[in-house]
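The sequence shown begins at 0 in numbering that gives the first Met the number 0 and counts up one residue at a time. Note that the Cβ used here is the ideal one computed from N, Cα and C, for glycine as well. Computed from a predicted model, the values in this text were never measured in an experiment. What follows is one structure encoded as structure tokens, with my remarks underneath.
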Amino acid sequence: MKKQIYKWIFENLMGWKIEGNFDEEIKKCILIVMPHTSWHDFYIAIICRGALGVDINWVGKKELFRFPFGYFFKYFGGTPLDRAGGLNKVESIVNIFNSKEIFRLGISPEGTRKKVEQLKTGFYYIALHANVPVIPVSLNFEKKIVEFGKPFYTTGNLDSDLLSLNKHFVNAKGKIPENDYKFP
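Okay, structure coming up:
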């Protein structure tokens, strides 16, 4: 019932649609969601997640998950990131993947809503070391479409793999298009 409510809100009230398929059989993956140019991206993604009816996670520093907001953030897929023991973010997130049976991590590789000249590559190395597929997801505000691409595994050749990703995002327009990342 909850999925139908989210889907109705997403499609009928907001006028958005989902294209491509998200394979629910994929239990672990990284969904890279682009372009990330506005705070609107977050609620679009949350409502899309509800319309799909699958758990998609995000990570935040563990301090965010304290009372009273912890329950709220966890309900919407949040997972606390504990970097104790000197681990960097990539290692910490790989450990989360290794400790869970189901973990689908949504990440915006721009790392900010502002215009960037270079993507943060942490998502790539998390996928490589956790041996999970990357699924490109574009938010196209111009056409009001969230499009899921085909999953692929990183090869270890960052430049080549980023070129492959470019094909999925080339036509996507963010809420603030002048802040869209342009692949080289």
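Check whether K26 and R103 have beta carbons under 9 Å apart = yes
Under a three-way DSSP split, which group does P135 fall into?
-> strand
Check K149 in the structure and name its three-state DSSP category.
-> coil
Whole angstroms is fine: what's the gap from K114's alpha carbon to R65's?
-> 31 Å
Near P150, what residues of its chain come up, given a Cβ to Cβ distance below 8 Å and the 5 sequence neighbours on each side ignored?
-> D22, I25, C28, P132, V133, I134
The beta strand (DSSP E) enclosing F102, as first and last residue numbers | 102–106
According to DSSP, is G69 helix, strand or coil?
-> helix
Opposite G28 in the DSSP bridges: which residues?
-> Contrary to the premise, residue 28 reads as Cys rather than Gly in this sequence. Beta-bridge pairing links C28 to R103.
What are the start and end residues of the beta strand (DSSP E) that includes L80?
-> 77–80
Could you give the distance in angstroms between the alpha-carbon of A50 and the alpha-carbon of K2?
-> 5 Å
What is the rounded straight-line gap between the Cα of N178 and the Cα of A171?
-> 12 Å
Take the Cβ of L184 as the centre, count every other Cβ of all protein chains shown within 10 Å, and call the residue buried at 16 or more, exposed below.
-> No answer is possible for residue 184: it lies beyond the span of the chain, which begins at 0 and ends at 183.
Tell me, please, whether the region 7–19 touches the region 41–50 by the rule of three or more beta-carbon pairs shorter than 8 Å.
-> yes
Would you mind giving the Cβ-Cβ distance between I144 and W15, rounded to the nearest angstrom? I have them listed as a contact below 8 Å.
-> 7 Å
State the DSSP-derived secondary structure class of V58, mapped to helix, strand or coil.
-> strand
What does DSSP give as the partner residues of I144 in its beta bridges?
-> K16, N139
Please confirm if the region 152–169 is in contact with the region 53–68, defined as three or more CB-CB distances below 8 Å between the two stretches.
-> no
Give the straight-line distance between the Cα atoms of N20 and G148, rounded to the nearest whole angstrom.
-> 7 Å
What are the partner residues of M33, as DSSP defines its beta bridges?
-> S137
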